Amino acid sequence: MAVYLPRIHSPADLKEIPFEELPQVAREIRETIIDTVSRVGGHFAPNLGVVELALVLHYILDSPRDTLIWDIGHQSYPHKILTGRYERFSTLKQFGGISGYPDPKESEHDPFMTSHASPSIAHMTGLTMAREFKHETDRRVVAVIGDGGLTGGLAFEGLNNAGHLKRRMLLVLNDNEMSIAKNVGAISNYLSRVLSTPLYNRLRKELETFLKHIPLVGGSMLTAAKRFEEAMKNLLVPGIIFEELGFRYLGPIDGHDMNILRSTLTNALKMDRPVLVHVLTKKGKGYPPAEKNAYKFHGAKPFDKLTGVSRPSGSYNVMSYTEVFSEALIELATRDPRIVAITAAMPDGTGLDKFAEAFPERFFDVGIAEQFATAFAAGLAKGGMRPVAAIYSTFMQRAVDQVIHDVCLQDLPVVFCIDRAGLVGEDGPQHHGAFDLGFLGNLPNMHLMAPKDEQELRDMLATALSLNHPSAIRYPKSRGLGVSLRDVQILKIGRAEVLEEGEDVAIFALGSMVAPAREAVTALHAEGIHPVLVNARFVKPLDDELISRVAHRVSHVITVEEHSILNGYGAQVALSLARQRLRGVQLECMGLPDLFVEHGERGLLLTKCGLSARSIMEKVKSCLTLKT
């Protein structure tokens, strides 16, 4: 039973608690996270690892007057609990509940809606400069970035610019994989405390001033002194790269020792320059199963909190589209040694972990670096390989320039397998894949497909790998339909498939929307209504011939897609009708609305967005009413 958390409605309430009582607050936060995530799922191990860090930061800062930015934001649960959301934390990621990421609409303590990696340093730098322009330099800005987020190119662009500007700001590097440094201990903790004290930094500045004023040799003596200091620090701690970029480096320190955190961070905030504090934390801290297997518990499904064993979440007889893709790629790679696979830090989520086991030498995890992944794939393709880059739709947005310039402009046979296309459910607007058709569908040389079921995904993968041009296949975060699987077949490029002949109204459904459209058509048959049903298959090249043939026979064409209605498949069909001067048919487009759809269970969100079988039925009936 929580004692302190019910009293904490803001960080100001936290400061009323004696510092020596914070370990009890930390225990209550961990218990709350374990209770909630074991029930509803969510990012688990990363949040257990930053409890002490979040506590100390809010204890010494004055949020929201001071700003605290969490890069990616998947580790913001302790922050949410400490900023007035404890009572609602049980609604985490549920429809109408709190988000799994920071959200300014949810709290004034969340400056940005985040979920993608690496922008926090740029956000911190921009806010710092804005406050200087507004004469608010007493308002402090702090960003927390993980060692994974630091692998993104944007993070190094941020470090370069922040260091160049030389303004007061604090960056906390949360190193929870020990991938940057392992030499934590008494010596590095002691050295960090010494290097962060006002006395040391005052003496350091006075020595610099003194040496600069010594005629002839002062400059060389100052250079030698700095090199000696850097050499000694680099011998014990690994921060020289940050010093070279203009940051004062402190660390690594124990991220679970609140006394060390408090003294180091407090001193760092007093420095009049960019400071980076390197904090070592343990993913899953306080929950033994997560400490032993932090990878499994990074993003956890509901589990038994006593044992850590995942709870069943429905039938496993039907594979997910991700699993189908994974098996098909392994099958095809067995036949073709040119096939290689690339992921940007998502081997498990994209299903490529199985490929890595089967073909370790042909698998590349490039980290959180979608731009590199795409340009790297271009290089592989140019060298005669057949690269398959499996990337979530939301993260493909990060590599648009490389897709255009390095792949499509060069007309290289790179295959993009776009997972999580459409609504992803509980991860919300930051992760919905609503825009990929828009930025891929107008690119010369691109071939763009979406499967209606598991077998068609297999066929499309084989088809894409047979092309000598760029291609992309989009598929949803869901289980398949349970269709029987056969060997792959190469599809005719740009050809749609008529599933049901009919009259008056034609439904052109794309990918995941074929199933609800089929359900709607079956129900309409019982009412004596017989629309044409087309499985679109290709967004580019479009089947203009079939569109023309069908449009000449019906009064209304309805397009249905799990994508933004503004620039997806429906928009391409509209252009086709206009291009062919087919003025005698009315077009109705069904898709995701022009807004960022909130988080919630995927089926519920599809219904809310008007993409259920019932919504399709109603649209057909309304078209027939208009006709009469």
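Going by this note's numbering, 32 is the number at position 49 of the sequence shown; the sequence numbering is gapless.
Here a beta-carbon is modelled for each residue, glycine too, at the ideal position from N, C-alpha and C.
On a predicted model such as this, the values are computed, not experimentally measured, just so you know.
Measure the Cβ-Cβ separation of residue i and residue j and say whether it is below 7 Å.
i                 : j                 : result
isoleucine 473    : threonine 505     : no
phenylalanine 338 : phenylalanine 346 : yes
valine 522        : tyrosine 552      : yes
proline 453       : valine 397        : yes
asparagine 638    : valine 124        : This structure gives no information on residue 638, because the portion of the chain shown stretches from -16 to 611.
alanine 28        : phenylalanine 280 : yes
valine 39         : arginine 245      : yes
glycine 574       : glutamate 544     : yes
glutamate 11      : tyrosine -13      : yes
proline 459       : glycine 411       : no
valine 301        : arginine 462      : yes
leucine 570       : alanine 557       : yes
glycine 269       : arginine 13       : yes
valine 260        : threonine 247     : yes
glycine 51        : leucine -3        : Before going further, note that residue 51 is leucine rather than glycine in the sequence given. Against a cut-off of 7 Å, the Cβ pair of leucine -3 and leucine 51 comes out as no contact.
Check for me: the alpha helix (DSSP H) holding residue i runs from which residue to which?
i                 : result
methionine 112    : 103 to 116
tyrosine 60       : 60 to 63
glycine 553       : 552 to 562
aspartate -4      : -6 to -3
serine 98         : It is not in any alpha helix (DSSP H) - serine 98 carries neither H nor E in the DSSP assignment.
leucine 423       : 419 to 423
phenylalanine 399 : From DSSP, phenylalanine 399 is part of no alpha helix (DSSP H) but of the beta strand (DSSP E) over 398 to 402.
Would you kindly work out how many angstroms separate the C-alpha atoms of residue i and residue j, rounded to a whole number?
i                 : j                 : result
alanine 251       : valine 407        : 40 Å
aspartate 436     : arginine 469      : 13 Å
tryptophan 53     : glutamate 480     : 47 Å
glycine 421       : asparagine 550    : 5 Å
leucine 218       : leucine 5         : For leucine 218, the pLDDT reaches just 49, beneath the cut-off of 50, and the residue's location in the model is therefore unreliable, although a value from the coordinates is still provided. Taking the straight line joining both Cα atoms gives about 34 Å.
tyrosine 60       : aspartate 49      : 19 Å
methionine -16    : isoleucine -9     : 15 Å
lysine 165        : alanine 492       : Caution applies to lysine 165, whose pLDDT of 41 falls short of 50 and renders its modelled position unreliable; the model cannot decide the point.
leucine 560       : serine 531        : 7 Å
cysteine 400      : tyrosine 304      : 11 Å
histidine 535     : histidine 415     : 36 Å
arginine 520      : phenylalanine 342 : 30 Å
isoleucine 325    : glutamate 353     : 10 Å
phenylalanine 225 : leucine 153       : 13 Å
arginine 403      : phenylalanine 95  : 23 Å
leucine 31        : proline 1         : 22 Å
glutamate 3       : serine 46         : 21 Å
In this structure, how does DSSP classify residue i when only helix, strand and coil are distinguished?
i              : result
valine 34      : helix
leucine 493    : coil
isoleucine 55  : coil
tyrosine 69    : coil
glutamate 439  : helix
lysine 523     : strand
glutamate 584  : coil
tyrosine 84    : coil
arginine 536   : coil
isoleucine 687 : This structure gives no information on residue 687, because the portion of the chain shown stretches from -16 to 611.
glutamate 340  : helix
leucine 252    : helix
cysteine 592   : coil
glycine 136    : helix
Could you spell out where the beta strand (DSSP E) holding residue i opens and where it closes?
i                 : result
aspartate 237     : 231 to 237
glycine 574       : 569 to 575
arginine 369      : 369 to 375
proline 271       : It is not in any beta strand (DSSP E) - proline 271 instead sits in the alpha helix (DSSP H) that spans 271 to 275.
arginine 22       : Taken as a continuous stretch (DSSP letters only), arginine 22 belongs to no beta strand (DSSP E), being part of the alpha helix (DSSP H) at 5 to 23.
leucine 75        : Unbroken run through leucine 75: none, as it is neither H nor E.
serine 309        : Segment 304 to 318 is the alpha helix (DSSP H) holding serine 309; no beta strand (DSSP E) there.
phenylalanine 347 : 346 to 348
For the pair the segment 131 to 142 and the segment 85 to 103, tell me if three or more CB-CB distances fall below 8 Å. yes
Closer than 8 Å is the cut-off here; do at least three beta carbon pairs connect the segment 561 to 581 with the segment 523 to 543? yes
Segment contact, 8 Å Cβ cut-off, at least three pairs: the segment 225 to 240 with the segment 138 to 155: yes
Are the segment 595 to 606 and the segment 496 to 515 touching by the rule of at least three beta carbon pairs closer than 8 Å? yes
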